[in-house]
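Below is one structure; the comments refer to it alone.
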Amino acid sequence: GAGVSQSPSNKVTEKGKDVELRCDPISGHTALYWYRQSLGQGLEFLIYFQGNSAPDKSGLPSDRFSAERTGGSVSTLTIQRTQQEDSAVYLCASSLGPSGVGTQYFGPGTRLTVL
Amino acid sequence: SQQGEEDPQALSIQEGENATMNCSYKTSINNLQWYRQNSGRGLVHLILIRSNEREKHSGRLRVTLDTSKKSSSLLITASRAADTASYFCASTLNYGGSQGNLIFGKGTKLSVKP
């Protein structure tokens with residue numbers, strides 16, 4: 001079956017612009033995670049959704065970052081007023097059950113470059 | 116802060132040799148997973164080992180978990196050039212408030228020379 005998909009695969013934007021990154025999880029997966037990977041910070045957790053709810057947003061690096069999930073499926077990660085330090089690969093993962101019990105399957109990522 | 120620390124950071128071997136990568140973590144875990152990443156893009160899940168398991172096999176992969184030492188190892192036997200990639204261990208924490216997110220180590224870059 002189809003895996004996790006993300007779009008766009010690459011995004012180049014100018015500092016100060018807003019960007020939206022999209023994640024389509026595996027059908028039927030209730031848990032969805034956003035991570036980002038940058039040279040300096042490695043792989044870091046951003047936010048978790050169980051269904052449409054994100055119980056804890058403390059992993060988001062600043063208030064310029066927000067995320068939503070609708071219909072228990074597609075999620076978008078929005079970065080407002082992008083900064084150069086936001087440049088990274090943004091990875092989405094989904095899993096069948098809640099709270100990290102099962103395997104998390106990752107999408108191919110969106111490489112964001114902020115000029 | 117990183118939960119897992121892999122060693123070595125880089126490993127270069129010849130095709131056919133075995134590759135062993137180690138991972139240590141700091142706090143009590145629910146499970147530990149190993150992932151492979153090619154060219155800095157998507158992570159491919161390799162194997163999951165639960166905290167009550169000690170060893171797991173999948174094809175040429177063998178993973179061990181020692182909860183008393185808070186460490187895990189990934190062994191790739193009879194390596195191939197196609198195994199060249201970065202390998203990450205990732206754990207989910209075992210406490211009530213955990214969101215189940217993965218906490219990654221810094222990874223081991225494996226290079227398998229033909």
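Line by line, the protein sequences give chains A and B.
Here this note's numbering is used: the first residue of the first sequence is 1, the next is one more, and so on.
Here this note's numbering is used: the first residue of the second sequence is 116, the next is one more, and so on.
In this text, a Cβ means the ideal position worked out from N, Cα and C, and glycines have one as well.
Beta carbon proximity, A2 of chain A to chain B, threshold 8 Å: Counting from one through the first sequence, the residue named residue 2 of chain A turns up at place 2. No, no contact with chain B.
How far does the beta strand (DSSP E) with K228 of chain B in it extend, from its first residue to its last? Position 113 of the second sequence, counted from the start, is the residue given in the question as residue 228 of chain B. Counting along the chain, the beta strand (DSSP E) containing K228 of chain B begins and ends at T223 to K228.
For a cutoff of 8 Å on Cβ pairs, would you count K224 of chain B as touching chain A? Position 109 of the second sequence holds residue 224 of chain B. Output row for K224 of chain B: interface = no.
Give the residues of chain A in contact with K171 of chain B, contact being defined as C-beta atoms less than 8 Å apart. Sequence index remark: in the second sequence, residue 171 of chain B carries index 56 (1-based). Simply none; closest approach about 13 Å.
Using a Cβ-Cβ cut-off of 8 Å, state whether Y48 of chain A counts as contacting chain B. The residue given as residue 48 of chain A occupies position 48 in the first sequence. It does; some Cβ of chain B falls within 8 Å.
Determine contact between the stretch 188–195 of chain B and the stretch 9–16 of chain A, defined as no fewer than three beta-carbon pairs at a distance below 8 Å. no
Below 8 Å on the Cβ atoms is my contact criterion, and I expect V12 of chain A with I26 of chain A to pass it. Report the Cβ-Cβ distance as a whole number of Å. Working through the first sequence from its first residue, we reach residue 12 of chain A at position 12. Working through the first sequence from its first residue, we reach residue 26 of chain A at position 26. No, V12 of chain A and I26 of chain A are not in contact; Cβ-Cβ is about 28 Å, not under 8 Å.
List, in chain order, every chain A residue whose beta-carbon is nearer than 7 Å to that of N216 of chain B. Locating residue 216 of chain B in the second sequence gives position 101, counting from the first residue. Here the neighbours are Y33, F45, Y48 and G100.
Rounded C-beta distance between L43 of chain A and Y35 of chain A? I'm assuming under 8 Å. On the first sequence, residue 43 of chain A is found 43 positions in, with the first residue counted as 1. On the first sequence, residue 35 of chain A is found 35 positions in, with the first residue counted as 1. Indeed, because the Cβ distance is near 6 Å, the residues count as touching under 8 Å.
What do you get for N146 of chain B, buried or exposed, if any count of 16 or more other CB atoms within 10 angstroms of its CB means buried? To locate residue 146 of chain B, count along the second sequence from 1; it is residue 31. Answer is buried; the Cβ neighbour count reaches 16.
Reference Q37 of chain A; option with closest CA among A:H29, A:V114 and A:A88: Position 37 of the first sequence, counting from 1, holds the residue named residue 37 of chain A. It is A:A88.
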